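Only one structure is covered here, and it is reproduced in the block below.
Here it is as structure tokens:
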């Protein structure tokens, strides 16, 4: 297992290097002079030249990339000019909020999606299967940001059950109940599509396992149906379900960007949008690379979990 984990970590290095190249090139190819856009009305020739020198924009592109990459490898992501603080410190502060939102959404979509898939497969073609399938199709079809806005209109504006936006109340609050009240709508909106995908694929995996001989043998021996479903069939089906969870984890993490904008959630996604609008190059590059690294690391964890369930994967 140790060698397998090491092999997966080594294979992730080229992926991360490729991500750094793509992010750097995209930011470098944005039309216009970044220094001029940053300075705005203060963009005199002397100020532009000084800022280009301070940001290293007066150097060749290849040299700028390797300087930036070398600094990142030592833990120095640069300094955000718009916030006047280290990029890594800002990312870590914002990532806590994103982790709360994305983590809660991922737990919701995993539990609800797998449970819905198991029930749907166990009641194939029954009313429960049809109801779940109908609900899942609606969840997959409705964009998360649109669902979020409709939830704000209903639960915050009309019914006044939940707060409209933010992570905590502006005045007072700040405790766990306040956080949960603000978390309900964005977490559900972000989890909706992923829940539908997981439910559909969990149903397919469960149906395939339920047709296997060992399931028929367990039923013939008089094993209770609940134990057959959750103790035997689901365990075997998880080998196929776990990779789907890994893919949906990336979807939830990337989808947090626009959900954070809709609900004004103070996470990395909202930070990246603000940084792009302000042309804060180092903050954008550092934020994207950090999120990509988290996604790659999570996929490695998913592969390890899958190999524990099915040792043949390591070979």
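Residue numbers (the working numbering): 889 to 1203.
Glycine is no exception: its CB is placed at the ideal position from the N, C-alpha and C atoms.
Quantities reported herein were computed from a predicted structural model and do not represent experimental measurements.
Let me check understanding here. Comparing Cα to Cα, which of 1124, 1113, 936, 1187 lies closest to residue 1096?
Out of 1124, 1113, 936, 1187, 1124 has the C-alpha closest to the C-alpha of residue 1096.
In this structure, how does DSSP classify residue 922 when only helix, strand and coil are distinguished?
Reduced to three states, the DSSP call for residue 922 is helix.
How is the alpha helix (DSSP H) around residue 939 delimited, first residue to last?
Its alpha helix (DSSP H) spans residues 933–943.
Output needed for residue 946: all residues of its chain with C-beta closer than 6 angstroms, excluding positions within five of it in sequence on either side, in chain order.
The residues are 940.
Suppose the cutoff is 6 angstroms on Cβ atoms and the five residues either side in sequence are ignored; what does the same chain contact list for residue 965 look like?
Excluding positions up to five away in sequence, the list reads 975, 976, 1174.
In whole angstroms, what is the alpha-carbon distance linking residue 1031 and residue 1141?
Between residue 1031 and residue 1141, the C-alpha separation is close to 15 angstroms.
According to DSSP, is residue 968 helix, strand or coil?
If DSSP states are grouped into helix, strand and coil, residue 968 belongs with the strands.
Whose C-beta lies closer than 6 angstroms to the C-beta of residue 1098 among residues of the same chain, with five residues either side of it excluded?
1121.
Please identify the residue among 896, 1027, 1116, 1049 whose C-alpha is closest to the C-alpha of residue 1082.
Considering only alpha carbons, the answer is 1027.
On the three-state DSSP scale, how would you describe residue 1131?
Three-state DSSP puts residue 1131 in a helix.
Whose C-alpha, out of 1191, 1085, 1182, is nearest the C-alpha of residue 983?
Of the listed residues, the one whose Cα sits closest to residue 983 is 1182.
Out of 949, 1178, 993, which one is the CA nearest neighbour of residue 903?
That would be 1178, whose Cα lies nearest to the Cα of residue 903.
Quick one: grab the DSSP three-state call for residue 1065.
Residue state, collapsed to three classes: helix.
According to the Cβ coordinates, are residue 1147 and residue 1036 closer than 8 angstroms?
Result yes, Cβ atoms of residue 1147 and residue 1036 sit closer than 8 angstroms.
Please determine, among 1079, 1110, 987, 1100, the residue with the shortest C-alpha to C-alpha distance to residue 997.
The option with the nearest alpha carbon to residue 997 is 1079.
Which term fits residue 954, buried or exposed, when burial requires 16 or more other beta carbons within 10 angstroms of its beta carbon?
So residue 954 ends up on the exposed side.
When the Cα atoms are used, what is the spatial distance from residue 894 to residue 900?
Whole-angstrom Cα-Cα distance: 10 angstroms.
Taking the continuous alpha helix (DSSP H) assigned at residue 1018, which residues delimit it?
1015–1029 is the extent of the alpha helix (DSSP H) around residue 1018.
Residue 974 by DSSP, collapsed to three states: which one?
Reduced to three states, the DSSP call for residue 974 is strand.
Under 8 angstroms by Cβ, that's how I've got residue 924 and residue 911 pegged, so tell me the actual separation to the nearest angstrom.
About 22 angstroms; that fails the 8 angstroms criterion.
Leaving out five residues before and five after residue 1137 in sequence, what residues of the same chain have Cβ atoms less than 6 angstroms from its Cβ?
These residues qualify, in order along the chain: 994, 1186.
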